[in-house]
Amino acid sequence: MKTSIKILSLLFITFIAFTSCSKDDDPADNDLFLGKYEGRISFTSEDDDDVAERNGSVTVTKVGDNYTFNFSDGIPSIGNIEMEKGDNSMLIWEGGEIGTIRITASRLNIAYAKDGRIWTADCSR
């Protein structure tokens, strides 16, 4: 009996995990979001830590209104990007930052510069 309950519990948790991370989820409509976008990424820095444009991925984490963009291939993350719930794009032009970030359920586009470093991404999921 205990084995049956464990198996049913495991199946239920697995079902919840797969349905909560649907590729149709629009991050703008959720307070919590985790998604992986794959496509062309690059990074340029004054410190010669450049990563030429290549295929890679960006894992997007959203908690409340704050987004974090974690790049593959040793590219530094972009964090503390604030977009209000319902917004899919942001134009940044303040405090030494300039760029645009657009994220939907299926696409992620980043062209962002800060402190002499430039991130780009053209990805989908």
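Taken in order, the sequence shown gives residues -22 to -1, 1 to 103; the numbers are from mature numbering (1 follows the signal peptide of the UniProt record, and there is no 0).
A virtual CB, placed ideally from N, CA and C, is assigned to each residue, including glycine.
* Asked: Cα separation between Asp65 and Glu24?
  -> Locating residue 65 in the sequence shown gives position 87, counting from the first residue. Locating residue 24 in the sequence shown gives position 46, counting from the first residue. Taking the straight line from one Cα to the other gives about 32 Å.
* Assign residue 115 to one of three DSSP states: helix, strand, or coil. => Only positions -22 to 103 of the chain appear in the structure, and residue 115 is not among them; the question remains open.
* Asked: Straight-line CA distance for Asn8 to Asn44?
  -> Along the sequence shown, read from residue 1 onward, the residue named residue 8 stands at position 30. Along the sequence shown, read from residue 1 onward, the residue named residue 44 stands at position 66. Straight-line Cα distance between these residues: approximately 11 Å.
* **Same chain, Cβ closer than 7 Å to Val41, neighbours up to 5 away in sequence not counted** => For the purposes of this step, residue 41 is identified with residue 63 of the sequence shown, where counting begins at 1. Around Val41: Leu10.
* To do: Grab me the residues of Leu12's own chain with a C-beta within less than 8 Å of its C-beta, minus the 5 sequence neighbours each way, in chain order.
  => Translated into positions along the sequence shown, residue 12 becomes position 34. For Leu12, where only same-chain residues beyond five positions count, the Cβ hits under 8 Å are Cys(-2), Thr37, Val38, Thr39 and Lys40.
* Pull up the DSSP beta-bridge partners for Thr78, would you. => By one-based count along the sequence shown, residue 78 stands at place 100. For Thr78, which the question treats as bridged, DSSP gives the partners Leu69 and Ala89.
* Asked: Looking at the structure shown, is Asp7 part of a helix, part of a strand, or coil, going by DSSP?
  -> In the sequence shown, counting from the first residue as 1, residue 7 sits at position 29. Three-state result, Asp7: helix.
* Asked: So, are the CB atoms of Glu31 and Ser102 less than 8 Å apart?
  -> Looking up residue 31 in the sequence shown gives position 53. Looking up residue 102 in the sequence shown gives position 124. Against a cut-off of 8 Å, the Cβ pair of Ser102 and Glu31 comes out as no contact.
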